[in-house]
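Residue numbers (our numbering), protein chains in the order written: chain W, 12 to 436; chain R, 7 to 489; chain E, 18 to 115.
Encoded as structure tokens, the structure appears first; notes follow it.
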């Protein structure tokens, strides 16, 4: 018997709007508990939801980046269940009419290109935070109501590696669009996967196992690979699989049972009557898309058009901050290849050495370009430039300042020399 | 001299003439409210009202509500004033924000002197299911007749002359029916005309802010104060707020009024007799009155449709009452136990039964046959009435089959015997139509009313026809004082 | 639609996080029977299954969306004031030690 894995992914991304999805309380982290709460977030009776415009704009942009059909009618539904972290006893979501449908994402590598279908993208809200102590729990409603996008793929992913690439690609889109921090470590990006095995050539789907609470990209691949093997062994042994929810145990590097799926929970969905459906005009959607920040894929192509190679272009789009840094430099008119070399070699090694990210760099893009321009004008040598750069990383001064401070200018010597030559016979 | 049993204009004139001050009015109000024996109050704002009237901004003196004490149903959030929805679940809940209607009333200079009793969580029509028990009908000193509900306390307060205005809510008929039983004007504007922000939700797609007054002018004036879009309520409408008192005396010549035969046929002989007199009076004014027919199957479907939809939405709307973050809390070893113990103890059996029905109606197994079918039937019902509105400006029927029923034998439970005239008013909630009850007669010294309903957004026209009829009947400013 | 039995009602109540007395469940069984009867009558109304369900009183759409600005935030005291058990600035719940 030959099996092929059938994998689907569900991603939740927290949006970095200023205020919450359905209330005007701030979206902010690390603040004193219960200091960012509006009446709706704690479900005081009589509170009503109001829809955040910026969150809708963000959702439209992500839909567009995922090649989805955008629904121009916004309707919200209630997902009803009881839990201590769900103040209203229901979550506002979009069950019947998600804002985005029928999209896809293309996974590219040197060796393959694969389109993964995306079934839906919808808007919902986050639950409140619970801290569990020994015999009590504490509730903090700061997180309650923060906007979430839920992105659901079609079960067209075939391996742990593909799954990891998928999530990385979605993360790239979310961060380049500047709509989410996309950090799995702090919960602004959450990922659940469904794994089943299907007999090769058959249409019949196997038993689905859900893996939740994955907290890093590498764990996505590891968990899925383990799970595929686990299911394969059981099936080859003639055993039956149970519908389960599992989690990845990092210590044991295995998926571990959380709970057996009993019934499908009945959430008693119905359309929320407090939000009259909102018509998004063509102009509104168009503008949201037009004003969209540039995606990594587009930047990548642009960098290739500057004459950079694939490898360098990939490195420069590995994060939004790095590509923004590079783009800021490009604006000065500096030679792209030179800039790319400096960023990838010198800036990266400086960041690695100091263990900081590019936003914390003491050398700004503009200052780096100034340095590069001195090299191009032959005012300093490459060797001198490296010394200057090193000093820039310490003091934060501009190249010009450091050159003058240290009397390093070749130009000044040459100019002086040529002036002397003019005077002397 | 009693002022609060008078119409708004008279109270206001007395203030302008310095015959009485807002403080006097508030003291009068609190004094009479304190002596209320109809069980109309959850909370009396003894301190809060005096504080408010002392801080009253005299620049608001032109408002007819300036310094006027009013009462509000206890399902409206009032900052720092306990709000219980007459439920043990919320017996010590003190909100930290005002409902929008409360804000607008305060801005107009009104002084809240009491939160009134209601059927628990607004689910009921008898005025008997609140945590403090039965609210009595001031018109019946022997206390044998209900006042109806769910806005029982506000109805009792206004009809016993304690204040000229009582704010309530109307989800199926919860203002328009008790208005009939207590000789009041009960007005429910178009859905979305008044912001529901801060009004505890029963069934959001049916809920309306509604209120009691003793004459149509006061109702129209109050609409001027309360109407208008609110950004905090994403279901509130954007129509311009006009002066709703402007066209009250406009001629109704040529207006077409439809009476539903099937509703009229279910009423008592005395009701029919008085009602027919009002038809003559309307004709004298030049209106064209026709008896029309609506399929009885549709009319009989109104109550079960209302019951299913309201129970379903209510289950969800009250899922926030879980004992964890506000309201009553019972002990437990886990949060689940706290939730279960609290909800078991603090909801009455009536509420629980409705929740179970609502929950099952929304469940995957029963959804199509119950909730979705009820939603479809809602459309059929609204379409049927809209067909009448294609040819007629108003639908006018008795607001209740007869006077207020007796407490004894009154069954608040869903029962199969559906008197169409007892259960048709909900059609105006289904379609969001503006609808108003005004007194039209008495039987055995108990009042009963007639109800006009118009197309959505025709609130001004509705108030106009009610005002014209009111002039003919002369049945306005009816008060039955407490002894 | 078929009748609903007491077991189903009890399960529904438990999922709603409460319980009732036996007598109340019995009363509810008969109440529910009546409702089902009424809803069956509704299913006989011509055209009822052909129309679309109604979630709002009238067909309308709005265009307004709230600007993404912070306002109307409650003070921490207001948030926790009505809670029965509080630790620091958080609401406290009992927990079963597993």
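Where a beta carbon is used, it is the ideal one built from N, C-alpha and C, also for glycine.
Fair warning: this is a prediction, and the values are worked out from it, not measured in the lab.
Query                                                                                                                                  : Result
Inter-residue Cα distance where the pair is residue 353 (chain W) and residue 86 (chain E)                                             : 40 angstroms
Run of the beta strand (DSSP E) containing residue 73 (chain R), from where it starts to where it stops                                : Segment: none, residue 73 (chain R) is in no beta strand (DSSP E) and carries neither H nor E.
Residue 416 (chain R) (DSSP reduced to helix, strand or coil)                                                                          : coil
Sub-8 angstroms separation of residue 99 (chain R) and residue 260 (chain R) beta-carbons                                              : no
Residues, ordered as in the chain, of the stretch 93-114 of chain R that lie near chain E by beta-carbon distance below 9 angstroms    : 98, 99, 100, 101, 102 and 103
Backbone CA spacing between residue 164 (chain W) and residue 223 (chain R) [nearest angstrom]                                         : 60 angstroms
Contacting residues, own chain, Cβ-Cβ under 6 angstroms from residue 96 (chain R) (five flanking each side not counted)                : 90 and 333
Within chain C, partners of residue 43 (chain W) - CB distance below 8 angstroms                                                       : Chain labels in this structure do not include chain C; the protein chains are W, R and E.
Exposure of residue 427 (chain R), with buried meaning 16 or more beta-carbon neighbours within 10 Å                                   : buried
Closer than 8 angstroms to chain E by CB, residue 381 (chain R)                                                                        : yes
Inter-residue Cα distance where the pair is residue 26 (chain R) and residue 433 (chain R)                                             : 43 angstroms
Three CB pairs or more closer than 8 angstroms across the stretch 55-65 of chain E and the stretch 25-44 of chain E                    : no
Residue 75 (chain W), enclosing beta strand (DSSP E) - first and last residue                                                          : Taken as a continuous stretch (DSSP letters only), residue 75 (chain W) belongs to no beta strand (DSSP E), being part of the alpha helix (DSSP H) at 64-76.
For residue 95 (chain E), the residue or residues it bridges with in DSSP                                                              : Answer by DSSP bridge pairing: none, since residue 95 (chain E) is not bridged.
Boundaries of the beta strand (DSSP E) in which residue 452 (chain R) is found, first to last residue                                  : 452-460
CB of residue 154 (chain R) within 8 angstroms of CB of residue 121 (chain R), strictly                                                : no
Residue 93 (chain W) versus R:343, R:483, R:228 and R:86, residue with shortest Cα-Cα distance                                         : R:343
The stretch 392-405 of chain R in contact with the stretch 290-304 of chain R per 3-pair CB rule at 8 angstroms                        : yes
Close Cβ partners of residue 156 (chain W) (< 8 angstroms) along its chain, the five nearest in sequence each way excluded             : 31, 32, 33, 34, 36, 49, 51, 52, 136 and 137
Closer than 8 angstroms at the beta carbon, the chain E residues around residue 292 (chain W)                                          : 80
Closest residue to residue 113 (chain W) among W:177, W:77, W:141 and W:105 (Cα-Cα distance)                                           : W:77
Residues near residue 305 (chain R) by beta carbon distance below 8 angstroms, same chain, minus five either side                      : 266, 268, 269, 426 and 430
Closest by C-alpha distance to residue 42 (chain R), when choosing among R:179, R:103, R:160 and R:60                                  : R:160
Residue 87 (chain R) to residue 78 (chain R) span [Cα, whole Å]                                                                        : 11 angstroms
8 angstroms Cβ cutoff met for residue 152 (chain R) and residue 123 (chain R)                                                          : no
Minimum Cβ-Cβ distance from residue 328 (chain R) to chain E less than 8 angstroms                                                     : yes
heavy atom of the ligand NAP below 7 angstroms from residue 92 (chain R) C-beta                                                        : In the structure shown, the ligand NAP is absent, as is every other ligand, since no ligand is present at all.
Contiguous beta strand (DSSP E) assignments of at least 3 residues, all confined to the stretch 206-286 of chain R                     : 214-219 and 262-266
Residue 458 (chain R) versus residue 472 (chain R) - alpha carbon distance                                                             : 7 angstroms
Candidates W:39, W:65 and W:27: closest to residue 298 (chain W) by CA position                                                        : W:65
Enclosing alpha helix (DSSP H) for residue 42 (chain E) [first to last residue]                                                        : 39-60
Cβ contact check for the stretch 288-295 of chain W and the stretch 373-387 of chain R: 3 or more pairs under 8 angstroms              : no
Residue-level contact to chain R via CB, residue 99 (chain W), 8 angstroms cutoff                                                      : yes
Nearest neighbour of residue 119 (chain W), chosen from W:319, W:399, W:308 and W:334 [CA to CA]                                       : W:308
Proximity below 8 angstroms, CB of residue 218 (chain R) to CB of residue 192 (chain R)                                                : yes
Own chain partners of residue 219 (chain W) with C-beta closer than 7 angstroms, once the 5 adjacent residues on each side are dropped : 205, 207 and 254
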